[in-house]
Amino acid sequence: MPATAVGQPCYHCGEAVPQGSDYPIRSGEVTRSACCRGCQAVAQTIIDSGNADYYRLRTDLPKTPEAALDELKALALYDLPEVQEGFVKNEGTLRDASLILEGIVCAACVWLNERHLRQLPGVIAADINFSTHRARVRWDDRRIKLSQILEAIRDIGYHAYPFDTGRQEELFRKERNAAIRRLAIAGLGMMQVMMYALPTYIAGDDGSMPRDIEALMRFASLLLTLPVVFYSAWPFFQGAWRDLRLHRAGMDVPVALGIGAAFAASVYGSFTGSQDVYYDSVVMFVFFLLTGRFLEMNARKRSAEAAETLVKLIPAAAVRLPDYPTARTEEAIGAVRLAPGDFVLVATGAAFPSDARVVEGHSSVDESLLTGESRPIPKHPGSEIIGGSHNLGSPLICRVERTGQDTVVSSIVRLLDRALAEKPHLAQAADRIASSFVLALLVVAAGIATYWAMVDPARAFWITVSVLVVSCPCALGLATPVSLTAALGRLTRIGLLSTRGHALEVLAQASDFVFDKTGTLTDGLFRLREVRILRGDRDNALQLAAALEQGATHPIAAALREAALDGGSDAAGALPHVQHLTYHPGLGVEGEINGQRYRLGAPEFAAPGEDFSLPAGLTLIALADAQGVLAWFGLGDGLRPQCAELVAQLKELGVRLHLYSGDRPENVAALGRQLGIADARGGMHPQDKLEAVRSLQATGAVVAMTGDGVNDAPVLAQAQVSIAVDQGAEAAQAAADMILLSSELVRLADGVRIARKTQRVIRQNLAWSVLYNALAIPAAGMGLVTPWMAGIGMSASSLLVVLNALRLANHPTKAHPTEAPPQTSPKIS
Amino acid sequence: MNILYLLIPISLAIVAIIAAIFLWAVRTGQFEDMEGPAHRILMDDDDPPKS
Numbered sequence: 001m002p003a004t005a006v007g008q009p010c011y012h013c014g015e016a017v018p019q020g021s022d023y024p025i026r027s028g029e030v031t032r033s034a035c036c037r038g039c040q041a042v043a044q045t046i047i048d049s050g051n052a053d054y055y056r057l058r059t060d061l062p063k064t065p066e067a068a069l070d071e072l073k074a075l076a077l078y079d080l081p082e083v084q085e086g087f088v089k090n091e092g093t094l095r096d097a098s099l100i101l102e103g104i105v106c107a108a109c110v111w112l113n114e115r116h117l118r119q120l121p122g123v124i125a126a127d128i129n130f131s132t133h134r135a136r137v138r139w140d141d142r143r144i145k146l147s148q149i150l151e152a153i154r155d156i157g158y159h160a161y162p163f164d165t166g167r168q169e170e171l172f173r174k175e176r177n178a179a180i181r182r183l184a185i186a187g188l189g190m191m192q193v194m195m196y197a198l199p200t201y202i203a204g205d206d207g208s209m210p211r212d213i214e215a216l217m218r219f220a221s222l223l224l225t226l227p228v229v230f231y232s233a234w235p236f237f238q239g240a241w242r243d244l245r246l247h248r249a250g251m252d253v254p255v256a257l258g259i260g261a262a263f264a265a266s267v268y269g270s271f272t273g274s275q276d277v278y279y280d281s282v283v284m285f286v287f288f289l290l291t292g293r294f295l296e297m298n299a300r301k302r303s304a305e306a307a308e309t310l311v312k313l314i315p316a317a318a319v320r321l322p323d324y325p326t327a328r329t330e331e332a333i334g335a336v337r338l339a340p341g342d343f344v345l346v347a348t349g350a351a352f353p354s355d356a357r358v359v360e361g362h363s364s365v366d367e368s369l370l371t372g373e374s375r376p377i378p379k380h381p382g383s384e385i386i387g388g389s390h391n392l393g394s395p396l397i398c399r400v401e402r403t404g405q406d407t408v409v410s411s412i413v414r415l416l417d418r419a420l421a422e423k424p425h426l427a428q429a430a431d432r433i434a435s436s437f438v439l440a441l442l443v444v445a446a447g448i449a450t451y452w453a454m455v456d457p458a459r460a461f462w463i464t465v466s467v468l469v470v471s472c473p474c475a476l477g478l479a480t481p482v483s484l485t486a487a488l489g490r491l492t493r494i495g496l497l498s499t500r501g502h503a504l505e506v507l508a509q510a511s512d513f514v515f516d517k518t519g520t521l522t523d524g525l526f527r528l529r530e531v532r533i534l535r536g537d538r539d540n541a542l543q544l545a546a547a548l549e550q551g552a553t554h555p556i557a558a559a560l561r562e563a564a565l566d567g568g569s570d571a572a573g574a575l576p577h578v579q580h581l582t583y584h585p586g587l588g589v590e591g592e593i594n595g596q597r598y599r600l601g602a603p604e605f606a607a608p609g610e611d612f613s614l615p616a617g618l619t620l621i622a623l624a625d626a627q628g629v630l631a632w633f634g635l636g637d638g639l640r641p642q643c644a645e646l647v648a649q650l651k652e653l654g655v656r657l658h659l660y661s662g663d664r665p666e667n668v669a670a671l672g673r674q675l676g677i678a679d680a681r682g683g684m685h686p687q688d689k690l691e692a693v694r695s696l697q698a699t700g701a702v703v704a705m706t707g708d709g710v711n712d713a714p715v716l717a718q719a720q721v722s723i724a725v726d727q728g729a730e731a732a733q734a735a736a737d738m739i740l741l742s743s744e745l746v747r748l749a750d751g752v753r754i755a756r757k758t759q760r761v762i763r764q765n766l767a768w769s770v771l772y773n774a775l776a777i778p779a780a781g782m783g784l785v786t787p788w789m790a791g792i793g794m795s796a797s798s799l800l801v802v803l804n805a806l807r808l809a810n811h812p813t814k815a816h817p818t819e820a821p822p823q824t825s826p827k828i829s
Numbered sequence: 001m002n003i004l005y006l007l008i009p010i011s012l013a014i015v016a017i018i019a020a021i022f023l024w025a026v027r028t029g030q031f032e033d034m035e036g037p038a039h040r041i042l043m044d045d046d047d048p049p050k051s
């Protein structure tokens, strides 16, 4: 059955098979149908290589593969030694590389890729990590080239990019493995020490347990506690030692003191047989503390990942055109060797090796890595392109603008690093309080020790240990930074980048939002926004208008010509011929087309006496012939999508809104009315805006200024928190506290919500910490809390605050039509 | 009760063995992908012959 009925799904990707298409896939006796050549090729490859089971096993449908033959040339670049230098390990003829795999949607994809790779002659090993979508491949370079491996992955419909694992990544892996080892040793030690402790607790002091057995249990516990204290708890001792040497009192000091004292006393007790032992308390305490730290480490990693992924998507190789534009000889070089001014050819499906400007070709580009939005963005000669975005359409020739550390993604990563490194006031305050708290605690502990030493020397020691252990400065010292990192990570994922540490804190308090108009709420492009046709049809009217304006250079003419092009007439060459063209400066243009006289221009010139109201803020142009008006055109700045929604959501959040613009007052007032912003002022110079913001601040307002980063720089600096809404390349240069990378304005409202929630979470944690310590320290001081109870209390308290902080990492955003699929929940692994 | 003199050292030995196995698992990277193996077990993993 070669031809297929409409509506039947493609065997590979599940899309409907178009009528009349014929792309059969032969699978044994059966013939299936595909929707396109790409699917046919991929499916046939999968079946022919003996992996037809994939279709039985998969739980999700793959994307329709694009038939991108240009890419093969790009793949060959990865065979160059200089390109491989960054990411391939050489061991004789054996090579080892890490690849990022795109297109993995379910476990069957992993299975398929691994099997497909392993059966390639020359591939020694192929392992894919399902969580990170990364593959490690080992191959024999004499028998297969890396490009052939990448091509094989391409053949089954996936995309693979080599990437430099980098030292950072390797460091984190080591750190994480060490943490798991420490946690495991502490956990095993804890379980077994509890086993030995339990009989002693049950027997109590009634003498039912022989002395020698009790001693045996103690020494067994001692043996198991040794590695827990000297291996698992070692970082606490190191931290405490570092703090003491720098004459500070950090969180690790009481922890290390507690562990050390309890352990020393237990060892002493074991050998003299006189005292109680606390091995169970020590191991449990260490285990819970390590669990808290482990969770915190994963949260930090997740926040940092958002930025790191950006850098990894910049390809390692590029095709340079050294003789362009005289000749188009292609030359493959490593992306690191590109310099500004070089011309590169970027094939379909390939990523841009650096920030560049298009010089030849039209295409669309996926900038989702930066904006979190996967809508393709059209690019023409002159358009700027961000390194790392993907070319989806046809090949482009570009001039390299910035490379290496100067590229947009590199700057963004630097900005994010700065935001993470700068401690906002809240965190600084928490640090100071934590430090004084620890000092006070040590003094209190010493006092309690002295008191009990006089009253009841037998209990003095364990009471002091309990006090040290039970007190928990975690909410101060640990949970505040975790809250901030988690929130920053979440904001970055929705496309709102913080470049300053204090941005989040101030955004939460913002009482007034000031918007700039052009480029912020509107897209800043002079375009045809409205057409009202009185006679004839739209395309014809646009054709006539464009023809009349053919030779003109002013913005109205450009907008009309552009609209005519978009309207369907293929090229300017197809426009009708105009005779007797006369320009009337300041009014319009008059000409004859096919024997008919037409006038195009201001209403009083083209259509005197007639009136037609269009939305305010638009420039009105009329097209008329001898019989009267044919069409009205409204030209102007267009509102960015989601403006109204943003205004509504911000109002809901109780924020006052202002619109300050340099545009004509009536236009600004009209926009204010349309959006429901009462304080809409136009005709303002940057200096006026600055004054207006100052007077707002004088009334006690916390002002968040939203503008484009370049023109509004002084006002942005005056506001307590500034948000630049630049799109694309200029974003990173903006001197703002936050940058909206996403094209969805509503993300600003989400940002306010997340910022407020962060403050709430931090306050909750602080409140909890105060309450807990106010209850627990006196209780421990009075001798009501044994060391093991103290250990549980302290650990539970710190786990509680860390988990509370981690809720921020998954703060839901309001559903928007273009919302990306929800992020997966954090993996505690 | 004397049997404890045997049982407790045995329990210590068992803990040591378990710890060793765990450390080996960490070293060989078995904690790096916490999701894949759960799915992988369902797949048919007889590698097809090299073509």
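Just so you know, the protein sequences line up as chains X and C, in that order. Letter by letter, the first sequence follows residues 1 to 829 of our numbering. Letter by letter, the second sequence follows residues 1 to 51 of our numbering. Ideal Cβ placement from N, Cα and C applies to all residues, glycine included. Source: prediction; values computed, not measured.
**Item:** Helix, strand or coil at Q914(X) according to DSSP, with G and I counted as helix
**Value:** Residue 914(X) lies beyond the range of chain X shown here (1 to 829); nothing can be said about it.
**Request:** Give a single yes or no on whether H658(X) has its beta carbon closer than 7 Å to a heavy atom of the ligand COA.
**Result:** The model depicted lacks the ligand COA and carries no ligand whatsoever.
**C-alpha distance - A440(X) paired with R248(X), whole-angstrom precision** = 13 Å
**Asked** When the Cα of E35(C) is compared with those of T132(X), T619(X), S498(X), which residue comes out closest?
**Response** T132(X)
**Asked** Based on Cα-Cα distance, which residue from P787(X), R807(X), G50(X), V746(X) lies nearest to S471(X)?
**Response** P787(X)
**Message:** Distance check for S798(X) and M1(C), CA to CA, integer angstroms please.
**Reply:** 41 Å
**Asked** Any Cβ of chain X within less than 8 Å of the Cβ of A13(C)?
**Response** no
**Item:** S270(X), buried or exposed, once every other Cβ within 10 Å from all chains shown has been counted against 16
**Value:** buried
**Message:** So, at 6 Å on beta carbons, what are the nonlocal neighbours of Q84(X) in its own chain, with the 5 sequence-adjacent residues on each side left out?
**Reply:** none
**Item:** Test item: CB-CB of P395(X) and V346(X) under 8 Å
**Value:** yes
**Asked** Under the rule that 16 or more other beta-carbon atoms within 10 Å means buried, what is R337(X), buried or exposed?
**Response** exposed
**Asked** Ordered along the chain, which non-local residues of its own chain (more than five positions away) have a Cβ less than 7 Å from that of T520(X)?
**Response** T706, G707, D708, V725
**Beta-carbon proximity check, S483(X) vs A755(X), cutoff 8 Å** = no
**Prompt:** Name the DSSP beta bridge partners of D127(X), please?
**Reply:** R136(X)
**Prompt:** How many whole angstroms separate the CB atoms of D831(X) and K145(X), which I take to be in contact at a CB cut-off of 8 Å?
**Reply:** The structure shown does not extend to residue 831(X), since chain X is modelled only from 1 to 829, so the question has no answer here.
**Request:** Under 8 Å by Cβ, that's how I've got R402(X) and P340(X) pegged, so tell me the actual separation to the nearest angstrom.
**Result:** 6 Å
**Request:** Can you tell me which of R747(X), S695(X), A508(X) puts its alpha carbon nearest to the alpha carbon of I494(X)?
**Result:** R747(X)
**Prompt:** Looking at the unbroken alpha helix (DSSP H) that takes in Y5(C), where does it start and where does it end?
**Reply:** 4-27
**Request:** Find the residues of chain X that neighbour L6(C), judging by a C-beta separation of less than 8 Å, and give them in chain order.
**Result:** None at all; the shortest Cβ gap to chain X is about 11 Å.
**Asked** Looking at chain X, which residues of the region 18-31 of chain C have a Cβ within less than 7 Å of any of its Cβ atoms?
**Response** I18, A19, F22, L23, V26, F31
**Request:** Answer yes or no: does any C-beta atom of chain D fall closer than 8 Å to that of A220(X)?
**Result:** Reference to chain D is not applicable here, since the protein chains of this structure are X and C.
**Message:** Using only the alpha-carbon positions, how far apart do I18(C) and R181(X) sit?
**Reply:** 12 Å
**Prompt:** Between G634(X) and A624(X), what straight-line distance do the alpha-carbon atoms span, to the nearest angstrom?
**Reply:** 15 Å
**Request:** Could you work out which residues of chain C lie near P210(X), taking near to mean beta carbons separated by less than 8 Å?
**Result:** M1
**Request:** Name, please, each residue of chain C whose Cβ falls closer than 9 Å to the Cβ of R181(X).
**Result:** F22, L23, V26, R27
**Message:** In the DSSP output, what is C51(X) paired with across the bridge?
**Reply:** The question names Cys, yet the displayed sequence has Asn at residue 51(X). DSSP, once it has assigned bridges, lists no residue as partnering N51(X).
**Request:** Closer than 7 Å by C-beta to A262(X): which residues in its own chain qualify, once you throw out the five before and the five after it? Chain order, please.
**Result:** Y278, S281, V282, V465, P787
**Prompt:** Considering only residues of the same chain and omitting the five flanking positions on each side of E32(C), which have a CB-CB separation below 7 Å?
**Reply:** none
**M284(X) classed as buried or exposed, judged by whether at least 16 other C-beta atoms fall within 10 angstroms** = buried
**Asked** To which residues does DSSP link T706(X) through a beta bridge?
**Response** F515(X), I723(X)
**Straight-line gap, I3(C) to I10(C) (C-alpha atoms, nearest Å)** = 11 Å
**Message:** Less than 8 Å between the C-beta atoms of L101(X) and Y158(X), yes or no?
**Reply:** yes
**Item:** For Y660(X), the nearest candidate out of V514(X), R245(X), E505(X) (CA to CA)
**Value:** V514(X)
**Asked** Mind pulling the chain C residues with CB within less than 9 Å of A107(X)?
**Response** E35, G36, A38, H39, R40, L42, M43
**Prompt:** How many angstroms separate the CA atom of I185(X) from the CA atom of L222(X)?
**Reply:** 14 Å
**Asked** Given a limit of 7 Å on CB to CB distance, which residues of the region 218-246 of chain X reach chain C?
**Response** A220, L223, L224
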